[in-house]
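K.L.:
Attaching a single structure in structure tokens format; questions to follow.
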Amino acid sequence: MKQPKTIIIGLAGKKGAGKDYTADVIQSVCENHSLTVYRTSFAEPVKNMLSIGLSVDMDCFVDHDKKEKVIPHVGCTPRKLMQTLGTGWGRNLVSENLWADLCKYRIETKIEKRINIVLVTDVRHTNEAQVIKNLGGIIIDVQATDKTALDMHSSEARISSDLVTTVFINNKLPRYRPSVVKYIAELLVKNEVV
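What follows is the structure, encoded as structure tokens:
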């Protein structure tokens, strides 16, 4: 029997659009089909560096509410730390492709290990979307119908629409989850994974 190829799914969208919730639904669908799922983000190394380097609990960089609260011994929010390290230092001073290249490397190692699904939860820049597309993946743009928090940081700009495979409209209604489940189930069948 032929080993199915790894399906790579990148989630794009502004903060508060529901990327993490959508990732939870996708992961649940895949695991219900006994598929192996590797969940990562372009910001994973940024979060690890900050957590270790500043002695800050990782949850501060993951929990939506905690991301917006000032860390007393540091003097700013986890979101601000991630933006300045990720964009200010990483993208602007080291290499525009630093985080994209690191994520590409992690994805390629999972493909070699024959992981069924690679789920990237934070596609924020065109070069990040291009990494996923170049590896044969898809980009899902998660858009909220309510007014998500306004953030003028460059990492909150939309990626180029020609890189988007499909758009999920997260209306936060009970029918959103079933629509995600249906799309992913069809994707798994189309790619002969289930």
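Residue numbers in the sequence shown follow UniProt numbering, run continuously in steps of one, and reach 194 at the last position. Backbone N, C-alpha and C fix where the C-beta goes; we use that ideal spot for every residue, glycine too. Quick caveat, the model's predicted, so the values are computed rather than measured.
#1: Do you know whose CA, among Trp89, Val56 and Thr87, lies nearest His73's CA?
#2: Kindly list the residues whose CB is nearer than 6 Å to the CB of Lys104, restricted to its own chain and excluding five residues on each side of it in sequence; keep chain order.
#3: What are the boundary residues of the alpha helix (DSSP H) that includes Ile111?
#4: Taking the alpha-carbon positions, what's the residue 196 to Ser51 distance?
#5: In the DSSP assignment, what residue or residues form a beta bridge with residue 213?
#6: Counting only the same chain and skipping the five closest in sequence on each side, list residues whose C-beta sits under 7 Å from that of Leu188.
#7: Taking buried to mean at least 16 other C-beta atoms within 10 Å of its own C-beta, is Asp63 buried or exposed?
#8: When the Cα atoms are used, what is the spatial distance from Ile184 to Val29?
#9: Three-state secondary structure (DSSP) at Asn170?
#10: Using DSSP with H/G/I as helix, E/B as strand and the rest coil, what is Ile159?
P.N.:
Looking at the coordinates:
#1: For this step, residue 73 is matched to residue 73 along the sequence shown. Among Trp89, Val56 and Thr87, the Cα nearest to that of His73 belongs to Val56.
#2: For the purposes of this step, residue 104 is taken as the residue at position 104 of the sequence shown. Val131, listed in sequence order.
#3: On the sequence shown, residue 111 is found 111 positions in, with the first residue counted as 1. That run of the alpha helix (DSSP H) goes Leu98 to Glu112.
#4: Not covered by the structure: residue 196. The range shown for the chain is 1 to 194.
#5: The requested residue 213 is not part of the displayed model; the chain covers only 1 to 194.
#6: Your numbering for residue 188 matches position 188 in the sequence shown. Counting only Cβ-Cβ distances below 7 Å, and skipping sequence neighbours, we find His33 and Val194.
#7: Residue numbering aside, residue 63 sits at position 63 when the sequence shown is read from its first letter. By the neighbour-count rule (16 or more Cβ atoms within 10 Å), Asp63 is not buried but exposed.
#8: Reading the sequence shown from its first residue, position 184 is the one you call residue 184. Reading the sequence shown from its first residue, position 29 is the one you call residue 29. Each residue's Cα considered, the two are about 7 Å apart.
#9: Within the sequence shown, numbered from 1, the residue matching residue 170 stands at position 170. Three-state DSSP puts Asn170 in a strand.
#10: As a first step, residue 159 must be located in the sequence shown, where it is residue number 159. Coil, per DSSP.
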